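Position one of the sequence shown corresponds to residue 78 (our numbering), numbered consecutively onward.
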Amino acid sequence: NGTPPSTSTFAPREYVHHFDTYTSVQRLERAGGFKRNQSIAIMKGIRSLLEKNMNSARENLVSRSDVENETYLFQAACSELRNEMQNSKKVQMDQLRSERTRIQTEFDLLNQGFLAEMMSLKDELNGMFNDRKMVTRAEQRAMENKIQELNYKITILIQSELKSEIEKLRWTTTRRGLIAIASLACEFFLRFLFLS
């Protein structure tokens with residue numbers, strides 16, 4: 078019928094039944110041994126407890142649309158966080174690459190400078206060794222020249238002494254020879270005088 082429901086304060090409250098109340102009352106009467114009034118009272122107690130728990134659940138639990146909204150917001154935040162992390166990682170990688178390139182360039186420059194310095198030191202050392210070799214050769218030549226000069230002086234000194242000794246010996250021999258010849262001549266002369 079099309080009459081609107083009565084809004085009287087004495088009208089019975091409309092219940093949303095979450096279970097079959099009639100079957101529950103019958104089972105309590107048959108199986109539980111309860112009387113009809115007791116079974117109805119137990120059924121109403123169960124119904125009020127169930128309704129109270131359902132109301133509490135409605136108040137404390139969130140609706141499906143709220144869950145979907147929260148899920149969407151959470152996924153959007155995760156996606157945004159993921160994008161930020163990827164961008165941050167990319168920026169950090171770019172910074173690390175540029176830093177590595179800068180360090181590599183500085184290393185290459187330092188290495189080139191070090192190699193140039195090493196080559197310069199090697200050239201200086203070679204020059205010092207060559208100078209020392211030349212000085213050593215000059216000293217060796219000077220020493221050889223002094224030794225030759227000393228040999229020459231010793232040779233000249235020995236030759237001059239030998240010549241003077243030879244001259245002395247020659248004069249001595251010549252004198253002795255002359256004395257011997259003069260003695261022989263005097264002897265021949267004296268013999269000749271005695272014999273004649």
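We put the beta carbon where it would ideally sit given N, CA and C, even for glycine.
Computed from a prediction, not measured in an experiment: that's the story for all the values here.
| Query | Result |
| --- | --- |
| Counted within 10 angstroms of its Cβ, other Cβ atoms place L272 as buried (16 or more) or exposed | exposed |
| Assigned secondary structure, A118 (DSSP; H/G/I helix, E/B strand, else coil) | helix |
| Stretch pair the region 117–124 + the region 101–108: three plus CB contacts closer than 8 Å | yes |
| C-alpha gap between Y99 and M131, whole angstroms | 20 Å |
| Cβ neighbours of F266 in the same chain (closer than 6 Å, five flanking residues each side left out) | none |
| Euclidean distance between Cα positions of R253 and L234 | 28 Å |
| C-alpha gap between L261 and T232, whole angstroms | 41 Å |
| M223 to T213 span [Cα, whole Å] | Checking the displayed sequence, the identity of residue 223 turns out to be Lys instead of Met. Looking at the two C-alpha atoms, the distance is approximately 15 Å. |
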